[in-house]
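Chemist: Starting off with a structure, shown below.
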Amino acid sequence: MALLDEVKSELSQIDSELPAASQAQATAMIRFGGGLRLVQRQILVQAHFDSLEAAQWLQNAIRNLYGHEALLSPIERPTPTGTIRRYQVLVERGGAALALQTGLLDRRKHVVMGLPNEIVNGNIAQIKSAWRGAFLAHGDISDPGKASYLEIVCPTHEAAMSLVASAHRLGITARPRQVRSSERVTLKDADAIERMLILMGAPRSAREWTGKRSDGEARGKANRLANFDDANMRRSAKAAAEACEKVRHAFDLLGDEIPENLRAAGQLRLDHPDSSLEELGRLADPQITKDAVAGRIRRLLQLSDKTEKARAREAR
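Residue numbering for the sequence shown follows the numbering used here, starting at 2 and increasing by one per position.
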């Protein structure tokens, strides 16, 4: 089961003992899952979900909390990547009454485009439940190992602002953003995502997400270090090969005119092309420091370069 499915399954199992909290969740699920429709002067309440368990939760809540019957039906839609199945919860009879009961229709019969003030300004249990309902309706979370995000697609700008304000009351910073024509509210901080999952009621999924994310980061770090080491080895090998070529050229150019200590250092480099300067110093007889090895090879190459330039001037 994908992580997103696991999160929604865990959240769908929650039945709050506080009616106000359950009502906040139901209201958010309706608002973010669909909302109200006017058909032939009749208000219909509908919401769509990608989770059957979430749809069943809302169907039961509408019956038990508000006394209305809701029809639950699967809807299949073909796409280029395959058929997508979603689940619709629809209230036809009593839709206007349900809209008033949930607060999505105010006393003046105006549609509330965000979440009702009674929820946004309600107690913390209502705030948590509203976020849970919004996530069940239209939430998404990143797979471990990828860039971290928890995101909810919002039907209106007002709905997005309601979520941002509610998250603030939970001590979490959520940011609204617009992607093409859709409004979204996003968390990107990994610690904030873990905390929000726990507050919504998915501690098991939070532990799994955090654990897999940590494993992914560890693997990513190991891969980066391996790549770094590999790049360092390639650079070192290239530098050693170039140094050997320069030493050979110096030997050919200078012949017997090379001081013995410089010749010995150059010969060590030719005999041990893959060794580090520190290793060459230990191989010298007597042993010398890596700085001494580097200095002698450098003076050898400088002597070669100086001699070559002098001979070039004489040739002119």
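Cβ atoms here follow ideal geometry from the backbone N, Cα and C, with glycine treated the same way.
Remember, predicted model here, so these are calculated numbers, not experimental data.
1. What are the residues that DSSP puts in a beta bridge with residue 84?
2. Tell me, to the nearest whole angstrom, how far the beta carbon of residue 66 is from that of residue 17; I am working on the premise that it is less than 8 angstroms.
3. Identify the continuous beta strand (DSSP E) that holds residue 46 and give its terminal residues.
4. Just to confirm before moving on: does the CB-CB distance between residue 98 and residue 37 stay below 7 angstroms?
5. By Cβ distance, which residues of its chain are closer than 7 angstroms to residue 266, with the 5 residues on each side in sequence left out?
6. Relative to the C-alpha of residue 274, which residue among 4, 239, 39 and 187 is closest?
7. Across the segment 153 to 167 and the segment 68 to 86, are there enough close Cβ pairs to call them in contact, namely three or more that are closer than 8 angstroms?
8. Which residues in the same chain have their Cβ closer than 8 angstroms to the Cβ of residue 28, if we skip the five residues on either side of it in sequence?
9. Between residue 1 and the rest of its own chain, which residues show a CB-CB distance below 7 angstroms, the 5 nearest in sequence each way excluded?
10. My understanding is that residue 305 touches residue 244, with C-beta atoms under 8 angstroms, so please give their C-beta distance in whole angstroms.
11. For residue 173, report the span of its beta strand (DSSP E) as first-last.
12. Using a 10 Å radius around the Cβ and a threshold of 16 neighbouring Cβ atoms, would you call residue 180 buried or exposed?
13. When DSSP labels each residue in this structure, what does residue 141 get in the three-state scheme?
14. Are there 16 or more other CB atoms within 10 angstroms of the CB of residue 8, so buried, or fewer, so exposed?
15. Could you tell me if residue 112 is buried or exposed, where buried requires 16 or more neighbouring beta carbons within 10 angstroms of its beta carbon?
16. Contact defined as beta carbons within less than 8 angstroms: I believe residue 193 pairs with residue 174. What is the distance between those atoms, to the nearest angstrom?
17. Hey, residue 185 and residue 142 are a contact pair by Cβ (cut 8 angstroms); roughly how many whole angstroms apart?
Modeler: Taking the coordinates as given:
1. Paired residues: 79.
2. Incorrect: roughly 11 angstroms between the Cβ atoms, too far for contact.
3. Judged by DSSP secondary structure, residue 46 falls within the beta strand (DSSP E) whose first and last residues are 43 to 50.
4. no
5. 294, 297, 298 and 301
6. 239
7. no
8. 103, 104, 105, 116, 117, 120, 131 and 134
9. Not covered by the structure: residue 1. The range shown for the chain is 2 to 317.
10. That pair is no contact at about 12 angstroms.
11. Run containing residue 173: none; DSSP gives neither H nor E here.
12. Flag for residue 180 reads exposed.
13. strand
14. buried
15. Residue 112 is exposed by the Cβ-count criterion.
16. 7 angstroms
17. Not quite, the Cβ-Cβ distance comes to about 13 angstroms (not below 8 angstroms), so this is no contact.
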